[in-house]
Structure formats: C-alpha cells, structure tokens
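Residue numbers (my numbering): 2 to 343. The C-beta atom is built at its ideal place from N, Cα and C for all residues, glycine as well.
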Amino acid sequence: MASSLSICRSCLARSAPSTLLRFAPSTSTPRLRLLPATYAPLTLSPCFSTTPKPLAGGGAINRAKARTSKQVKKKKVKTHFKIWNHADSPKFALMDAIRYIRAFEVGNDQRQMKYDLAIKIHTLKNGPTVKSRIQLPKAVKTDVRICVFAEGKQAEAARQAGAVAVGSTELLEEIKNGADLNYDRIICHTNFFPTLQKANLGRVLGPKGLMPSPKTGTVVGDVSTAIQAMIGASEYRERQGVVRIAIAQLSFTPEEVRDNVKAFVEQFGKDLARIEDFDKRINEVVLSSTNSPAFSLSGEFRSDVGKIPEVSEAAAAEAEAAIINSPIQVDEAAGAEKMVAL
C-alpha cells in the first residue's frame with residue numbers, strides 16, 4: 002500500500018529544486034498530499050531576514066551629521082592673530098604709567114624689578130616672524146653671562162673680553178654630561194663651528210635658545226667684538242603676534258625709560274618695514290612690570306592733566322613788575338600789613 006507524505010506549504014516554498022525533484026510523480030515515489038489551507042502559514046517568507054534594518058531615528062542622526070559637516074565647511078579659518086579694538090579703551094601717557102607701576106612695586110628692589118614693554122602686531126599666523134637684537138641707550142642688564150667655543154688666540158681674547166666660560170672639545174663633553182647651562186648667550190668661532198655641529202648639541206642647547214647659529218649672529222669671526230656688542234644688548238623675538246622685551250629697570254628715571262622705549266619702537270618699526278610682502282603693523286604698545294597690570298601707552302610722554310602752563314619770559318617780567326609797583330596799604334587798627342591792589 003502506497004504511503005502518503007504530508008508537506009508544509011512554507012517548507013515547500015523554501016525547498017531547493019533538487020529537493021522538489023525527489024517528490025516528482027513516479028511509480029516508486031509516494032503521492033504528495035498537501036495539507037489543508039488552514040494549516041498554511043500566513044506568509045511564505047523565510048523565518049529570518051539577513052537584510053540589516055536601520056535603527057530608530059537613523060535618518061535624524063544622518064541629517065544632523067550632514068548639517069554639522071556643512072557648518073565645518075562654512076567656518077572660516079582665522080589667518081590672523083586676534084587683536085582687539087582699543088578705540089574706546091583708556092590710554093596712558095608714559096609718565097602716568099610709570100607712576101602707577103611704581104605704586105604697585107612699592108617695597109620691592111628697584112634694581113631687580115623691570116619695566117616690560119609688549120608690542121602687539123597685526124600679522125598673519127603663518128607669516129615671517131621678527132627676531133633681532135638692540136643696544137638700548139641705557140642698558141637694562143649688564144651682568145650677561147657669555148660662553149664661548151673657541152681655540153687658541155680667540156679663546157684668550159674671549160677671556161679678556163669678559164666671557165665666563167671659554168673652551169673647545171672639553172667644554173662640549175661637559176655639556177653632553179649634563180653640566181649646568183647657566184649662560185645667557187653662547188658664541189662659537191667660525192673655525193670651531195663644524196666641530197660643534199658634529200657634537201649634536203641641538204637637542205640640549207636648542208630648547209634653551211643657546212645654540213649658536215649664523216642667522217642669530219652667534220657664529221662670528223671676531224669673538225671679542227661680539228662679546229662687547231652682546232654685553233648690554235637685548236634680544237627680542239615675535240611670538241604669537243606679540244614682541245616682549247625688558248625695556249628698563251624700575252630705578253631708571255622717566256627720561257631714561259622714554260629714551261629706551263623710543264629707540265626700541267623705532268628699530269622695531271624698521272624691522273617691520275623690511276618685510277615687504279606681508280602686512281605687519283603695530284597695533285598696541287603696552288607697559289607693565291612684574292607685579293603691576295598692563296597700561297596701554299598713548300605715545301605721549303606727559304599728560305595735559307595737572308601740567309603747569311609754560312610762561313614766556315616777557316609775560317613773567319611783566320607780572321613781576323606789576324607786583325613790585327603795586328602799592329601797600331597798612332591797616333594800623335588790625336596791626337598787620339595787607340597787599341591791596343588799587
């Protein structure tokens with residue numbers, strides 16, 4: 002007796018063609034008996050789907066990312082350092098700024114405290130920077146410690162000029178072994194410079210700003226002349242659009258401070274003028290000290306407030322003659338002399 006085989010409709014829909022051939026009608030194949038429609042599943046789709054479904058709110062997230070990327074593209078890149086509009090900010094004459102600064106430095110050693118001058122520049126971030134040296138009319142720091150790499154007669158000339166340390170290969174070994182670099186400047190003679198380059202001291206001297214270089218004028222042929230020029234000289238360098246320099250000691254007179262400020266601003270203006278292809282100009286000049294706030298300078302030496310007006314010699318002589326020729330009336334009852342102008 003032939004047996005019958007029950008097949009589920011959903012399973013039949015998912016069956017491969019090779020499987021269906023097994024149940025094709027033949028003499029040796031049992032008959033297929035399909036189940037009633039009531040037993041058939043609602044859909045003939047597979048039990049699970051391999052297609053990934055988007056998460057809830059995915060469209061909103063994608064739209065937010067698109068808006069953020071557009072904002073980043075629209076955002077302008079700042080090419081200049083940020084500067085402030087000082088049109089409405091108070092400006093101080095040099096004499097007034099000095100009085101205020103000295104009031105903040107009461108009780109401190111006037112020889113140790115320094116006036117710091119900062120010049121803020123309108124300049125590009127990726128433009129060239131200003132770096133130079135100036136000999137101020139009144140030297141701020143005279144105890145400059147200078148180290149010299151030289152040999153022979155140049156080494157002896159460096160000692161006579163006032164260098165605190167002079168040497169060649171032995172001095173290089175001391176620096177390699179971690180010697181204290183208590184120097185303000187390091188000078189190298191041109192004949193010894195190749196040996197200094199082979200020593201690979203750039204990692205040690207470079208971060209401290211002491212590595213000799215022809216660009217900075219610290220690799221010289223005449224060591225004695227270079228030392229004399231550096232004693233009393235002040236170096237300055239542009240950083241983040243600002244140049245700072247110790248312009249005077251607190252013990253300097255206002256006239257000495259004025260001369261130093263004037264000399265530095267004039268030379269710095271010449272340094273900016275040499276850079277022709279870039280727009281670099283002075284935006285603000287600020288004077289401060291160690292313990293005082295900064296005062297923006299107006300460019301004047303004295304302010305008009307409280308200033309005694311100048312009187313010509315003719316006006317002074319006329320006023321003196323009027324006082325001498327004025328009569329004196331004596332009030333005997335009061336027993337005192339009173340000047341009464343008739």
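query	result
Distance, GLU319 Cα to ALA274 Cα	52 Å
Helix, strand or coil at LYS126 according to DSSP, with G and I counted as helix	coil
Option nearest ALA119 by Cα separation, candidates THR130, GLU239 and ILE276	GLU239
Cα-Cα separation between ASP260 and PHE194, rounded to whole angstroms	37 Å
Nearest neighbour of ALA180, chosen from ILE187, LEU172 and ARG186 [CA to CA]	LEU172
Per-residue burial, LEU213 [other beta carbons within 10 Å of its own, 16 or more giving buried]	For the record, residue 213 in the displayed sequence is Pro; it is not Leu. Classification for PRO213: buried.
Distance between ILE187 and VAL220 (C-alpha atoms, nearest Å)	9 Å
ILE147 to GLN268 span [Cα, whole Å]	25 Å
Classification of THR226 by the beta-carbon crowding that lies within 10 angstroms, buried from 16 upward	exposed
Three-state class that DSSP yields for LEU251 in the structure shown	coil
Whole-number beta carbon distance between LEU197 and CYS189, since they are thought to touch under 8 Å	5 Å
Per-residue burial, THR30 [other beta carbons within 10 Å of its own, 16 or more giving buried]	Only weak support is given to the placement of THR30: the predicted model assigns it a pLDDT of 49, under 50, and the value that follows is read from those uncertain coordinates. By the 10 Å Cβ count, THR30 comes out exposed.
Which of helix, strand or coil DSSP assigns to LEU298	strand
Cβ pair count under 8 Å reaching 3, the stretch 231-246 against the stretch 89-102	no
Nearest residue (CA-CA) to SER297, options ALA65, ARG64 and TYR101	TYR101
Contact set for ARG103: own chain, Cβ-Cβ below 8 Å, skip 5 residues either direction	LEU251
Environment of GLY222 [buried if 16+ CB atoms lie within 10 Å]	exposed
VAL145 beta carbon less than 8 Å from that of GLN185	Reading off the sequence, residue 185 comes out as Asp, not Gln. Contact: yes.
Proximal residues to ASN284 (C-beta, below 7 Å), its chain only, five neighbours per side dropped	ILE84, LYS121, ILE122 and HIS123
Neighbour-count burial assignment, LYS263, 16 or more Cβ in a 10 Å radius	exposed
Burial state of GLN161, where buried means 16 or more other Cβ atoms lie within 10 Å	exposed
Assigned secondary structure, LEU288 (DSSP; H/G/I helix, E/B strand, else coil)	strand
GLN198 - containing alpha helix (DSSP H), residue span	194-199
Nearest-angstrom Cβ-Cβ length linking PRO255 and LEU95, presumed shorter than 8 Å	7 Å
Span of the alpha helix (DSSP H) around GLU277	First-last for GLU277: undefined, no H or E at that position.
Nearest candidate by alpha-carbon position, reference SER290, set VAL107, TYR116 and GLN111	TYR116
Assigned secondary structure, TYR1 (DSSP; H/G/I helix, E/B strand, else coil)	The first residue shown for the chain is 2 and the last is 343, placing residue 1 beyond what the model contains.
Straight-line gap, VAL286 to SER133 (C-alpha atoms, nearest Å)	18 Å
7 Å Cβ shell around ILE344 - same chain, five flanking residues per side excluded	Coverage of the chain is limited to positions 2 through 343, which leaves residue 344 absent and any answer about it impossible.
Neighbourhood of ALA335 by C-beta distance below 8 Å, restricted to the same chain and skipping five residues each side	A caution first: ALA335 carries a pLDDT of 45, below 50, which makes its placement in the model too unreliable to give a value.
Residue burial classification, LYS271 (beta-carbon count within 10 angstroms, cutoff 16)	exposed
Inter-residue spacing [alpha-carbon to alpha-carbon] between GLU175 and PHE253	39 Å
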